[in-house]
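Student: Mapping of the sequence shown onto the UniProt record's numbering: residues 1 to 159, in sequence order.
In this text, a Cβ means the ideal position worked out from N, Cα and C, and glycines have one as well.
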Amino acid sequence: SGSLGLDLATTVECTLVDNRPQRVPTGVRGPLKINNQCVGALLIGRSSSAMAGLNILVGLVDADYEGEIQIMVQTLYPPLHIPAGSRIAQLVPLPHLVRALGPPDIARQDKGFGSTGAMNLLTVDLCRQPSKPVTIIFAGQTLSLTALLDTGADVTVVA
1 SGSLGLDLAT
11 TVECTLVDNR
21 PQRVPTGVRG
31 PLKINNQCVG
41 ALLIGRSSSA
51 MAGLNILVGL
61 VDADYEGEIQ
71 IMVQTLYPPL
81 HIPAGSRIAQ
91 LVPLPHLVRA
101 LGPPDIARQD
111 KGFGSTGAMN
121 LLTVDLCRQP
131 SKPVTIIFAG
141 QTLSLTALLD
151 TGADVTVVA
């Protein structure tokens with residue numbers, strides 16, 4: 001109930017014989033849905049995988065991806081055997097924070113690993129940020145204005 005990640009398990013056994021990255025199938029297909037809404041997800045390793053010498057290369061699963069989700073694995077200490085059914089990675093669902101610029105590309109469907117389409121822009125709803133009246137006094141001059149503040153900042157820069 002408090003877990004952020006959804007475990008991903010391997011569908012086949014594999015043995016990593018060198019330190020090159022390798023794809024491992026999961027049998028899970030996109031699109032990922034939460035409350036009937038397509039969502040993207042960050043694919044990360046479980047801590048138990050790292051303790052076993054297995055590195056999970058971080059990946060991003062887009063909300064419109066329709067193919068099988070695969071885990072990119074690597075080890076610095078080959079050979080390393082991964083039994084079928086091993087829970088080695090997690091999917092952390094992500095809210096949709098980007099908006100495509102320009103006309104949408106053709107649907108990607110099941111193309112993965114480098115098939116991302118149009119440029120995207122990270123957007124933040126500025127209405128949710130605190131807007132406060134601010135008075136700045138410097139060198140005998142006073143300036144009053146309404147400022148959009150970043151409440152998580154350690155330092156505020158006025159330019």
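Taking C-alpha atoms, which residue in Ile136, Ala41, Ala63, Ile137 lies nearest to Leu8?
Tutor: What you label residue 8 is simply residue 8 of the sequence shown in a count that begins at 1. For the residues Ile136, Ala41, Ala63, Ile137, the minimum Cα distance to Leu8 belongs to Ala41.
Student: For Ser131, name the three-state secondary structure that DSSP assigns.
Tutor: Your numbering for residue 131 matches position 131 in the sequence shown. Here Ser131 sits in strand by DSSP.
Student: Roughly how far, in whole angstroms, is the beta-carbon of Val24 from the beta-carbon of Val92, given that I think they are within contact range, below 8 Å?
Tutor: Sequence index remark: in the sequence shown, residue 24 carries index 24 (1-based). Sequence index remark: in the sequence shown, residue 92 carries index 92 (1-based). Rounded, the Cβ-Cβ distance is 18 Å, inconsistent with contact.
Student: Between the C-alpha atoms of Asn36 and Gly53, what's the straight-line distance to the nearest angstrom?
Tutor: Here residue 36 refers to the residue found at position 36 of the sequence shown. Here residue 53 refers to the residue found at position 53 of the sequence shown. Cα-Cα distance, rounded: 37 Å.
Student: Could you tell me whether the stretch 129-146 touches the stretch 73-85, where touching means 3 or more Cβ pairs closer than 8 Å?
Tutor: Contact between the stretch 129-146 and the stretch 73-85 is absent, because fewer than three Cβ pairs lie under 8 Å.
Student: Of the residues Gly140, Val28, Val17, Leu145, which one's Cα is nearest the Cα of Lys79?
Tutor: Start at 1 with the first residue of the sequence shown, and residue 79 comes out as number 79. Reading the sequence as shown, one finds Pro at residue 79 and not Lys. Checking every option, the nearest Cα to that of Pro79 belongs to Val17.
Student: Tell me the rounded alpha-carbon separation between Asn19 and Leu145.
Tutor: Taking the first residue of the sequence shown as 1, we reach residue 19 at position 19. Taking the first residue of the sequence shown as 1, we reach residue 145 at position 145. Near 57 Å, if we compare the C-alpha coordinates of Leu145 and Asn19.
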